[in-house]
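To keep things clear, I will list the structure first and then write my remarks on it.
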Amino acid sequence: MIKADGVNVVALIPNCPICHQSQSLLARYLDAAGISTVVMGAAKDIVEYCGVPRLIFSDFPLGNAAAKPNDVPSQDLNFELALRLLESAPAARTTVQSPLVWSEDPSWKLDYSNLEQLSPPEIARLREEVEQVRMTARELRLNTLGS
Numbered sequence: 368m369i370k371a372d373g374v375n376v377v378a379l380i381p382n383c384p385i386c387h388q389s390q391s392l393l394a395r396y397l398d399a400a401g402i403s404t405v406v407m408g409a410a411k412d413i414v415e416y417c418g419v420p421r422l423i424f425s426d427f428p429l430g431n432a433a434a435k436p437n438d439v440p441s442q443d444l445n446f447e448l449a450l451r452l453l454e455s456a457p458a459a460r461t462t463v464q465s466p467l468v469w470s471e472d473p474s475w476k477l478d479y480s481n482l483e484q485l486s487p488p489e490i491a492r493l494r495e496e497v498e499q500v501r502m503t504a505r506e507l508r509l510n511t512l513g514s
């Protein structure tokens, strides 16, 4: 369908670890089919392991791979980096690290999604949020594509 639409470039922005893996494999598939891809990701280890052709890595918490939320200049900068990488990648498996910094205090890496830092009620609340997102995605898929 992508080829039929005349698409020749795709930017993929994964959210969670599973998204990083599946979109990385999609990037490889599309690139092999002649459609240039760039992944804008925050899980560098997963994306590089999958062997994507081009990666803009943002050292940000998962869910923020494109740039800082509600920060249009940071979003513009990262998208510009992605476009430049599409134009100039010297070889497959090229990674460029975004110069953006999530926080001057690196302790966010210790606290972000650290279950040991959360109480059982907080963990239950987060699990419920994830389940609601999963159900919403399922409904959208069913309404759009059918069973």
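For what it's worth, my numbering labels the leading residue of the sequence shown as 368, then goes sequentially.
Just so you know, even glycine gets a beta-carbon here, dropped at the ideal spot from N, CA and C.
Item	Value
Where Ile-423 falls, given that 16 or more other Cβ within 10 Å makes a residue buried	buried
Segment contact flag, the region 393-409 with the region 440-454, C-beta cutoff 8 Å, min 3 pairs	yes
Cβ separation of Ala-409 and Pro-428, assumed to be a contact under 8 Å, to the nearest whole Å	7 Å
Among Glu-495, Cys-417, Trp-475, Glu-471, nearest to Gln-390 - alpha-carbon criterion	Cys-417
Rounded C-alpha distance that separates Val-497 from Ile-490	11 Å
Opening and closing residue of the alpha helix (DSSP H) in which Met-368 lies	Run containing Met-368: none; DSSP gives neither H nor E here.
Burial state of Ser-465 (16 or more Cβ within 10 Å)	buried
Enclosing alpha helix (DSSP H) for Phe-446 [first to last residue]	439-455
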